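Q:
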Amino acid sequence: MKLLLFALSLFFSASVYSNVETLIIDTGPGHASVTRFPNGDIMVFDTGHWSYQSIVMEKFAAFIGDADIDLLITSHSDADHLATTDELLNNYQVHRVIRPGKVRDTATWRSHNDAIVSAGQSGLTHDINLINTNLPIGTVFNFGGASVTYLSGFHEPPVEWNLEHSEFLNAGSIVVRVLYNGHSILFTGDAVGREEGSAADAPAIATERLLIDNAVHRPVQSDILIVPHHGSDDASSTEFIKAVAPRWVIFPAGHKYHHPVAVTAKRFTDLGYNEDCMLRTDLGDNEGGKEWSHGATGTGDKANDDHISIVLQDTGDPIVRYVGGAAVNCPAVLSVGVVQPTADNVIIKKSRSGICHTPASSWYSRTKNFDAFTDLASCLASGGRLPN
Ligand SMILES: [Zn+2]
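Heads up: the sequence shown begins at 8 in the numbering used here, then just goes up one per residue.
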């Protein structure tokens, strides 16, 4: 009996966590990340650069263990975001994939696509391909009190955005916001928000314009911003930075392409950001030229040495640090514009006991552990009930 209880306690302790934990993997000049939610579910958002597959897979494996991957998102079709998708599908049970599905002629894209298609055909993976699936903006995925809101994503972005080829591909990037205990992380892929070289205060365009315009209904403000397009000048408009008002800024970048560029970093520091609150997965890079020089040392930066850990705690402030380093404490720099609740942007909270709380409920603000619904009807339809 004792043994059974011990085994049961191991089982339960292994499947319940109190925090949301995210690892931004140093995959050189690309993006890969993995997030564990309080219920133990795993989300992978982007799977790394093709030159560093073994590094990324090692990191994924150590983080995920033998769990399933509930949600795998590839932000867009560039091969610096897709490299280990096939290995993940071959080694893990992946329940859902969301991807723009834009066809590309690269070996990395083809193997990622083949793996998703065959997992979909096996019936074990739900392939949400934006080429043939309308995933409404604002769709919420719930994970044990944490939520992931889908804020943008296109098979092909609107033609009226009027973008050049590479920016046209990037601007369709899937953007999601992870929310837990009132704190949030914004994942942006290679979203576009500026015309390269335009004035620092030029109004946001393309993906960033859409996110800002929708923010009244679908908040974009986030404690931690995973900076779009590795810190390129074609994203992180001043207007977007103000709308997100992050406390921590994370550049997923490597020793190539001069990312993050100095003019992008300057848009943050001009708003009052301390450079120590702007972390980068190429810390130490000295590529020179137009690259941001903060933290540059005598050698070009290698991959796999600047992983970044984010913890959204069940109580208290987020913890952001370089893996192996101390927590970086960063106060708010920008005041967050208050989003007025409207019928469209209020989240309905379904408590653990199955009660659907609207903001009118006296328990609304006290309910910290909940599944989020975009409206009362869908909360009730999920089996929830109204408070007595
Ligand atoms: Zn990229």
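Think of the CB as a built atom: it goes at the ideal place given N, C-alpha and C, for glycine as much as any other residue. Predicted, not measured: the structure shown is a model, and the values here were computed from it.
1. Going by CA-CA distance only, name the one from Val104, Val335, Val353 that's closest to Asn281.
2. Cys284 bridges to which residues according to DSSP?
3. Just mark Pro394 as buried or exposed, buried being the case when its beta carbon has 16 or more other beta carbons within 10 Å.
4. Going by CA-CA distance only, name the one from Gly130, Met64, Gly47 that's closest to Gly3.
5. Examine the Cβ distances between the segment 176-188 and the segment 147-154 and report whether three or more of them are shorter than 8 Å.
6. Rounding to the nearest angstrom, what Cα-Cα distance links Ile355 and Gly296 in this structure?
7. Apart from the five residues on each side of it in sequence, which residues of its chain come closer than 7 Å, Cβ to Cβ, to Glu294?
8. Check whether the Cβ atoms of Leu79 and Arg103 lie closer than 9 Å to each other.
9. In or out: Ile105 buried (at least 16 other Cβ within 10 Å) or exposed?
10. Take the Cβ of Asp73 as the centre, count every other Cβ of all protein chains shown within 10 Å, and call the residue buried at 16 or more, exposed below.
11. Taking the alpha-carbon positions, what's the Phe377 to Phe148 distance?
12. Considering only their Cβ atoms, is the gap separating Val340 from Gly279 smaller than 9 Å?
13. To the nearest angstrom, how far is the alpha carbon of Ser159 from that of Asn177?
14. Residues bridged to Met50 by DSSP?
15. Please list the segments of the beta strand (DSSP E) lying wholly inside the segment 230-311, counting only runs of 3 or more residues, in order along the chain.
16. Grouping DSSP H, G and I as helix and E and B as strand, with all else coil, what is Cys337?
17. When the distance is taken between beta carbons, is Thr214 closer than 9 Å to Ser180?
18. Is Asp197 near ligand 1, in the sense that its beta carbon is under 8 Å from a heavy atom of that ligand?
19. What are the partner residues of Cys363, as DSSP defines its beta bridges?
20. I need the DSSP call for Leu137, collapsed to helix, strand or coil.
21. Helix, strand or coil, according to DSSP, for Glu202 in the structure here?
22. Thinking C-alpha only, which one of Asp240, Val227, Leu193, Val330 is nearest Glu202?
23. If the criterion is Cβ atoms closer than 9 Å, does the pair Thr288 and Thr34 meet it?
24. Count the other C-beta atoms from every protein chain shown that fall within 10 angstroms of the C-beta of Thr115, then say buried if there are 16 or more, exposed otherwise.
25. Closer than 8 Å to a non-hydrogen atom of ligand 1 - does that hold for the CB of His172?
26. Can Ile362 and Gly391 be called in contact, C-beta distance under 9 Å?
27. Comparing C-alpha positions only, which one of Ser229, Thr81, Asn98 sits nearest to Ala250?
28. Have a look at the DSSP bridge pairing and note the partners of Val318.
29. Can you find at least 3 beta carbon pairs, one from the segment 21-30 and one from the segment 127-142, that sit closer than 8 Å?
30. What is the rounded straight-line gap between the Cα of Trp299 and the Cα of Leu193?
31. Tell me which residues share the same chain as Leu217 and place their Cβ nearer than 7 Å to its Cβ, disregarding the 5 neighbours each side in the sequence.
32. On the DSSP letters alone, give me the boundaries of the beta strand (DSSP E) that Ala207 sits inside.
33. Go ahead and pull the three-state DSSP assignment for Ser173.
A: So, to answer that:
1. Val335
2. For Cys284, which the question treats as bridged, DSSP gives no partner whatsoever.
3. exposed
4. The shown model of the chain, from 8 to 395, leaves out residue 3, and the question about it has no answer.
5. Cβ pair count under 8 Å is three or more, so yes.
6. 49 Å
7. His262, His265, Gly307
8. Inclusion of Leu79 and Arg103 in the CB contact set at 9 Å is warranted, their separation being smaller than that value.
9. buried
10. exposed
11. 12 Å
12. Closer than 9 Å, so yes.
13. Approximately 12 Å between the Cα atoms of the pair.
14. Thr42, Leu78
15. At a cut-off of 3 residues, the continuous stretches assigned as beta strand (DSSP E) that sit fully inside the segment 230-311 are 231-233, 255-258, 285-287.
16. coil
17. yes
18. yes
19. Lys357
20. coil
21. coil
22. Asp240
23. Yes.
24. buried
25. no
26. yes
27. Ser229
28. DSSP, once it has assigned bridges, lists Glu28, Ile326 as partnering Val318.
29. no
30. In a straight line, the C-alpha of Trp299 is about 22 Å away from that of Leu193.
31. Ser159
32. That residue, Ala207, is in no beta strand (DSSP E); it is neither H nor E in DSSP.
33. helix
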